[in-house]
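Trainee: Numbering-wise, the working numbering puts 227 at position 227 of the sequence shown, and it's gapless, one number per residue.
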Amino acid sequence: MERRLGKFRADTLYEGDALTLLPEVPPGSVDLIVTDPPFAIDFKAKRLNYNRSGKNVLDGYQEIPEAEYNEFTRCWISEAARILSPTGSMYIFSGWNRLRDILEGIDAAGLTTINHLIWKYQFGVYTKRKYVTSHYHILFVVRDPKQYTFNKIDHYPEDVWVINREYWKGKKKTPTKLPAELVKKILLYSSNPGDLVLDPFLGSGTVAAVARAEGRHFLGFEVVPEYCNFARAQVSQKTGQL
Ligand SMILES: C[S@@+](CC[C@H](N)C(=O)[O-])C[C@H]1O[C@@H](n2cnc3c(N)ncnc32)[C@H](O)[C@@H]1O
Numbered sequence: 001m002e003r004r005l006g007k008f009r010a011d012t013l014y015e016g017d018a019l020t021l022l023p024e025v026p027p028g029s030v031d032l033i034v035t036d037p038p039f040a041i042d043f044k045a046k047r048l049n050y051n052r053s054g055k056n057v058l059d060g061y062q063e064i065p066e067a068e069y070n071e072f073t074r075c076w077i078s079e080a081a082r083i084l085s086p087t088g089s090m091y092i093f094s095g096w097n098r099l100r101d102i103l104e105g106i107d108a109a110g111l112t113t114i115n116h117l118i119w120k121y122q123f124g125v126y127t128k129r130k131y132v133t134s135h136y137h138i139l140f141v142v143r144d145p146k147q148y149t150f151n152k153i154d155h156y157p158e159d160v161w162v163i164n165r166e167y168w169k170g171k172k173k174t175p176t177k178l179p180a181e182l183v184k185k186i187l188l189y190s191s192n193p194g195d196l197v198l199d200p201f202l203g204s205g206t207v208a209a210v211a212r213a214e215g216r217h218f219l220g221f222e223v224v225p226e227y228c229n230f231a232r233a234q235v236s237q238k239t240g241q242l
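Laid out in structure tokens, this is it:
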């Protein structure tokens with residue numbers, strides 16, 4: 001049976017600005033949000049991010065101007081808090097440079113931080129006069145610290161995750177794809193089959209594709225038309241690399 005969330009259909013990806021679309025999602029309707037929002041940095045996606053030839057990286061990556069980033073972050077996180085179910089949770093990815101804005105947005109929205117996870121990946125950008133960054137922050141936050149989904153799938157679930165970035169040799173990709181393995185781990189810990197998982201900043205659509213593969217419902221937004229189409233293609237693939 002088709003599942004609806006106000007004007008949206010579950011298991012569908014929508015092209016558009018998350019700041020416009022999130023307010024149209026009904027309150028309390030989303031079980032889990034997993035998202036890697038834009039960063040507000042001078043983002044040289046092609047040259048730096050996959051550290052290899054840029055010819056397979058899709059153009060059009062949408063950044064937020066630095067001066068607007070704090071307000072942008074507060075807006076989308078407060079909407080995210082509104083649409084989370086009473087037992088809902090959210091995982092927000094952030095580089096260290098804009099972490100302050102994300103933490104302020106979480107506090108302003110009245111969410112509770114359960115863990116501050118570190119994702120360590122296998123390569124960073126070559127540097128001469130500073131350390132190479134090869135980690136990301138993941139804020140695990142909930143609406144209600146007394147009741148939230150947490151399936152303890154490991155006996156000793158540590159807060160540092162070492163997971164390699166994927167090499168998509170010779171394949172098209174968006175500049176900052178999350179590894180499917182990482183997204184799957186989050187979904188298994190913090191959602192159950194049949195739950196609704198949202199990513200308001202889809203990029204290549206990894207969150208939606210893994211949600212589908214794991215029997216969760218999904219919803220997603222992406223402002224760049226080419227990325228949204230790429231994400232739709234990822235989601236409709238039955239097999240292959242997510
Ligand atoms: C860091 S990437 C997400 C990467 C994604 N997790 C993946 O695995 O590919 C952030 C995405 O947000 C998109 N974006 C930026 N501003 C947006 C907005 N206002 N609404 C929706 N999407 C936006 C960018 O175009 C970019 O694709």
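Glycine is no exception: its CB is placed at the ideal position from the N, C-alpha and C atoms.
Please classify H155 as buried or exposed, where buried requires at least 16 neighbouring CB atoms within 10 angstroms.
Mentor: The residue you call residue 155 lines up with position 155 of the sequence shown. Classification of H155: exposed, given that the 10 Å Cβ count is below 16.
Trainee: Is the closest heavy atom of ligand 1 to the C-beta of T206 under 8 Å?
Mentor: Along the sequence shown, one-based indexing puts residue 206 at 206. Yes, the Cβ of T206 comes within 8 Å of a heavy atom of ligand 1.
Trainee: Under 8 Å Cβ to Cβ from T73, same chain only, skipping five residues before and after it: list those, please.
Mentor: Taking the first residue of the sequence shown as position 1, residue 73 is located at position 73. If we look at T73 and ignore the five residues flanking it on each side, its Cβ neighbours are P37, R98, D101, I102, E104, G105.
Trainee: Going by DSSP, which residues form a beta bridge with T12?
Mentor: Numbered from its first residue, the sequence shown carries residue 12 at position 12. For T12, which the question treats as bridged, DSSP gives the partners L219.
Trainee: Going by other Cβ atoms of all chains shown within 10 Å of its Cβ, with 16 needed for buried, is W119 buried or exposed?
Mentor: Indexing the sequence shown from 1 puts residue 119 at position 119. The residue in question, W119, is buried, as its Cβ has 16 or more Cβ neighbours within 10 Å.
Trainee: Exposed or buried, which one is Q234 when buried takes at least 16 other CB atoms within 10 Å?
Mentor: Residue 234 sits at position 234 when you count from the first residue of the sequence shown. Flag for Q234 reads buried.
Trainee: To the nearest whole angstrom, what separates the beta carbons of F201 and T35, a pair I think is in contact under 8 Å?
Mentor: Counting from 1 along the sequence shown, the entry for residue 201 is found at position 201. Counting from 1 along the sequence shown, the entry for residue 35 is found at position 35. Right, their Cβ atoms sit about 5 Å apart.
Trainee: Give me the DSSP bridge partner(s) of Y189.
Mentor: As a position in the sequence shown, residue 189 is number 189, starting the count at 1. For Y189, which the question treats as bridged, DSSP gives no partner whatsoever.
Trainee: With distance defined between alpha-carbon atoms, name the residue in A80, I153, F218, S78 nearest to S190.
Mentor: Taking the first residue of the sequence shown as 1, we reach residue 190 at position 190. Closest by alpha carbon: I153.
Trainee: From this set, P65, T149, E24, Y131, which residue's C-alpha is nearest T87's C-alpha?
Mentor: As a working note, residue 87 is residue 87 in the sequence shown. If we check each option's Cα against that of T87, T149 comes out closest.
Trainee: For I77, verify whether its CB is less than 8 Å away from any heavy atom of ligand 2.
Mentor: Looking for ligand 2 in the displayed structure turns up nothing; the ligands present are ligand 1.
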